[in-house]
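A.B. asks:
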Amino acid sequence: MYTINMEKTFGKRTRVTAQQRREDILAAAITEFSEKGLYGASTVTIAERADISHPNLFRLFPTKKELFIASIERVLERIKRKMIATGKNHPEAPLQAMAESWNQLLVQREELLILLQGYAACHDPQIRQVIRRASIEIFLQIENLPTVTTERAHFFYAEGMFRMLAAAMDLAELAVEDEAARRLLGY
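UniProt numbering applies: residue 1 is where the sequence shown begins, and numbers increase by one.
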């Protein structure tokens with residue numbers, strides 16, 4: 001009699017919760033969207049990276065744009081949580097502490113690049129709304145820290161955006177041998 005070993009043929013899958021599956025999809029989506037943006041990213045690739053079927057991906061995220069927005073929101077929330085908490089925990093010098101926290105976040109290239117992809121996709125009204133709302137929330141939280149004025153919050157925010165662009169371009173690497181890049185970075 002012939003029998004099929006289902007575990008060997010199809011692989012043994014561990015059941016995971018819908019929340020864990022959602023987390024897996026978001027992690028895969030952040031990678032894919034950071035590399036290719038909203039329009040270049042493949043939901044098939046995202047599903048493969050998350051080890052989920054393509055139809056199941058759309059059960060949790062009905063559209064590619066909803067998945068893109070959820071990915072951006074995930075990264076923005078992580079940034080807000082880490083940076084603002086750091087600033088609140090250092091009331092004597094909140095901006096310095098937040099700058100150090102931001103520099104640590106900039107090393108995570110995928111998260112940096114998906115933010116830039118989000119800004120690039122702001123022609124879409126829904127994406128623009130998400131980016132605007134998060135930007136204003138972050139600015140207001142910075143501005144409301146002890147010893148921080150509106151002017152200082154504005155400068156800090158602008159400097160952070162510049163640092164994000166510099167990190168995306170790997171200017172620090174270039175600055176090792178390029179005097180103009182060092183000056184641009186303020187080294």
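Ideal placement from N, C-alpha and C gives every residue a C-beta, glycine not left out. Small disclaimer: the values here were computed from a predicted structure and weren't measured.
Is it true that the stretch 154 to 163 meets the stretch 98 to 110, where meeting means three or more beta-carbon pairs spaced less than 8 Å apart?
C.D. replies: Taking 8 Å as the limit for Cβ pairs, the verdict is that the stretch 98 to 110 does touch the stretch 154 to 163.
A.B. asks: Considering His54, what are the terminal residues of the alpha helix (DSSP H) in which it resides?
C.D. replies: Residue 54 sits at position 54 when you count from the first residue of the sequence shown. Start and end: 54 to 60.
A.B. asks: Looking only at its own chain, which residues have a Cβ that is under 6 Å from the Cβ of Ala41, when we skip the five neighbours before and after it?
C.D. replies: As a first step, residue 41 is located in the sequence shown; it is residue number 41 there, counting from the start. Same-chain partners within the cutoff: Glu32, Phe33.
A.B. asks: With 16 other CB atoms within 10 Å as the buried threshold, where does Ile136 fall?
C.D. replies: Taking the first residue of the sequence shown as position 1, residue 136 is located at position 136. Flag for Ile136 reads exposed.
A.B. asks: Skipping 5 residues on each side, what residues in its chain have a beta carbon closer than 6 Å to that of Leu38?
C.D. replies: On the sequence shown, position 38 is the one that residue 38 refers to. Hits under 6 Å: Phe68, Ala121.
A.B. asks: Considering only residues of the same chain and omitting the five flanking positions on each side of Ala181, which have a CB-CB separation below 7 Å?
C.D. replies: Position 181 of the sequence shown holds residue 181. Once the five neighbours on either side are set aside, the close Cβ partners of Ala181 are Leu171, Leu174, Ala175.
A.B. asks: Give the straight-line distance between the Cα atoms of Pro62 and Glu23, rounded to the nearest whole angstrom.
C.D. replies: For the purposes of this step, residue 62 is identified with residue 62 of the sequence shown, where counting begins at 1. For the purposes of this step, residue 23 is identified with residue 23 of the sequence shown, where counting begins at 1. Their backbone Cα atoms lie some 16 Å apart in a straight line.
A.B. asks: If you follow the alpha helix (DSSP H) that Asn89 is part of, which residue opens it and which one closes it?
C.D. replies: Taking the sequence shown and counting its residues from 1, one reaches residue 89 at position 89. Taken as a continuous stretch (DSSP letters only), the alpha helix (DSSP H) holding Asn89 covers 64 to 89.
A.B. asks: Around the C-beta of Ala29, are 16 or more other C-beta atoms found within 10 angstroms, so that it is buried, or is it exposed?
C.D. replies: Working through the sequence shown from its first residue, we reach residue 29 at position 29. Buried: at least 16 other Cβ atoms inside 10 Å.
A.B. asks: Skipping 5 residues on each side, what residues in its chain have a beta carbon closer than 7 Å to that of Gln117?
C.D. replies: Translated into positions along the sequence shown, residue 117 becomes position 117. Cβ neighbours of Gln117 beyond the five flanking positions: Phe33, Ser34, Gly37, Leu38.
A.B. asks: Tell me whether Pro146 sits in a helix, a strand or coil according to DSSP, three-state version.
C.D. replies: Counting from 1 along the sequence shown, the entry for residue 146 is found at position 146. Three-state result, Pro146: coil.
A.B. asks: Can you give me the Cβ contacts of Glu73 inside the same chain, cut-off strictly under 8 Å, excluding the 5 residues immediately before and after it?
C.D. replies: For the purposes of this step, residue 73 is taken as residue 73 along the sequence shown, with counting starting at 1. So the qualifying residues of the chain are Val130, Ala134.
A.B. asks: Find out if the Cβ-Cβ distance for the pair Lys65, Gln126 is shorter than 8 Å.
C.D. replies: Counting from 1 along the sequence shown, the entry for residue 65 is found at position 65. Counting from 1 along the sequence shown, the entry for residue 126 is found at position 126. Cβ distance < 8 Å, so Lys65 and Gln126 count as in contact.
A.B. asks: For Leu113, I'd like the list of residues in its chain whose CB is within less than 6 Å of its CB, leaving aside the five on either flank, ordered along the chain.
C.D. replies: For the purposes of this step, residue 113 is identified with residue 113 of the sequence shown, where counting begins at 1. Around Leu113: Ser34.
A.B. asks: Taking its Cβ as the centre, do 16 or more other Cβ atoms sit within 10 Å of Gly87, making it buried, or is it exposed?
C.D. replies: Sequence index remark: in the sequence shown, residue 87 carries index 87 (1-based). Label assigned to Gly87: buried.
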